[in-house]
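Chains as they are written, first to last, in numbering that gives the first Met the number 0: chain A, 0 to 137; chain B, 0 to 115.
Encoded as structure tokens, the structure appears first; notes follow it.
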Amino acid sequence: MSSQPHYTAYHPKWYRRPVSVWWWLERWPYTKFVLRELTSLPVGYFALLTLWQVRALVEGEAAYNRFLTRLESPAFVMLNIICFAGVLFHAFTWFHLTPKAMVVRIFGKRLPDAFIIFLNYVGWIGLSAVIVLIWMRA
Amino acid sequence: MPKSLTPLLWFLFSAGGTVAALLFPIHFLVAGIAVPLGWLEAPSYQSVLDLAGHPLTRLYLFVLICLPLFHAAHRFRYTLYDGLKIKHLTILIVTVCYGTALVGTMAAAYFLLGRL
Chain A
0 MSSQPHYTAY HPKWYRRPVS VWWWLERWPY TKFVLRELTS LPVGYFALLT LWQVRALVEG
60 EAAYNRFLTR LESPAFVMLN IICFAGVLFH AFTWFHLTPK AMVVRIFGKR LPDAFIIFLN
120 YVGWIGLSAV IVLIWMRA
Chain B
0 MPKSLTPLLW FLFSAGGTVA ALLFPIHFLV AGIAVPLGWL EAPSYQSVLD LAGHPLTRLY
60 LFVLICLPLF HAAHRFRYTL YDGLKIKHLT ILIVTVCYGT ALVGTMAAAY FLLGRL
């Protein structure tokens, strides 16, 4: 008797309901998930925009002013408003995800999710205020 | 993708996600919308240069650029896997996503440490 495993050449394919490419538009939680994942594009875009600004700064005053003028074009303003909304969506969803990803215990007691979310918002507002203050003094 | 890199990539994802969540909205609002629309006056070139010349600002800008780049690369990689079901293109996807982040990081290091 052979101990070799033995495979059939043909494997039946189970029936699967075809799923539309737009499956994520059927329910809001799905839509929210896909939009949340797609915030990677605006986040990456703003990181590159900042890099571009640093480059313009290094190249000299003329290059820096060209950069500022370019951002004033309607196309850039539109793109920036859309991407800003995406970055904001990333921030909100991220603040609400942290208690799920990171459980904080103090004296063996788990900190309530709402408290961690609250701390995120406090940190966010505080840091934003500091950045605006430094920017105003420049 | 070597398995040993996975923890590092997830670390960069979460660190970059936190940096982007806490710091990007205000920077984006000021530099990307308020200044171009004229709601706020842009600071003079010299004062921006002075501010950016400080070592702490350089470090800050470096972190501000490169961590979110890796966050976005990692997240977009999985969007391509799950959303478009193109897992067989792994090598191409990984190269394009992390490659962009890596080139951006090197460029940031070059401008912030070498040229500024």
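Here a beta-carbon is modelled for each residue, glycine too, at the ideal position from N, C-alpha and C.
These numbers come from a predicted model, not from an experiment.
- Inclusion of B/L21 and A/W123 in the CB contact set at 8 Å is warranted, their separation being smaller than that value.
- When C-alpha distances from A/A84 are compared across B/A100, B/H26 and B/L83, the shortest belongs to B/H26.
- Contact between A/V86 and A/T49 does not hold, since the beta-carbon distance rounds to 12 Å and is not under 8 Å.
- In the three-state scheme derived from DSSP, where H, G and I count as helix and E and B as strand, B/I85 is classed as coil.
- Annotation for A/T97: the continuous alpha helix (DSSP H) segment containing it runs P73 to A100.
- Exposure of A/A100 is indicated by the presence of fewer than 16 other C-beta atoms within 10 angstroms of its C-beta.
- Fully contained in the region 22-60 of chain B are the following alpha helix (DSSP H) runs of length 4 or more, in chain order: 44-52.
- Scanning its chain for C-beta atoms nearer than 8 Å, with the 5 sequence neighbours on each side dropped, one finds around B/R76 the residues I92, V93, C96 and Y97, in chain order.
- Interface annotation, B/F75: in contact with chain A, CB-CB separation under 8 Å.
- Any Cβ of chain A closer than 8 Å to the Cβ of B/A108 would place that residue at the interface, and such an atom is absent.
- Of A/V18, A/W93 and A/P41, the smallest CA-CA separation from A/I115 is found for A/W93.
- With distances taken between CA atoms, A/V42 lies nearest to A/N79 out of A/R15, A/N79 and A/V121.
- Close CB contacts of B/L111 within its chain, under the 7 Å cut and outside five residues either way in sequence, are with R57, L60 and F61 (chain order).
- Chain B places no beta carbon closer than 8 Å to that of A/R15, leaving this residue out of the contacts.
- The straight-line gap separating the alpha-carbon atoms of A/F117 and A/P17 is approximately 42 Å.
- Secondary structure note for A/R136: its alpha helix (DSSP H) is the uninterrupted segment D112 to R136.
- DSSP, read as helix, strand or coil, puts A/K108 in strand.
- Taking the Cα positions, B/A51 is about 25 Å away from A/S72.
- A/L110 has its alpha-carbon roughly 35 Å from the corresponding atom of A/Y44.
- Of all residues in the region 20-31 of chain B, only A20, L21, L22, F23, P24, I25, H26, F27, L28, V29, A30 and G31 come within less than 8 Å of chain A when Cβ atoms are compared, listed by chain position.
- L70, E71, F75, V76, N79, I80, C82 and F83: these are the residues of the region 70-84 of chain A whose beta carbon lies less than 8 Å from some beta carbon of chain B, given in chain order.
- For the pair B/S43 and A/I81, the Cα-to-Cα distance works out to about 27 Å.
- Rounded to whole angstroms, the gap between the alpha carbons of B/L63 and A/P28 is 30 Å.
- In summary, B/G31 is buried, with 16 or more beta-carbon neighbours lying within 10 Å of its beta-carbon over all protein chains present.
- Ranked by how close their Cα comes to the Cα of A/A46, the residues B/A41, B/L28, B/L39 and B/G103 have B/G103 in first place.
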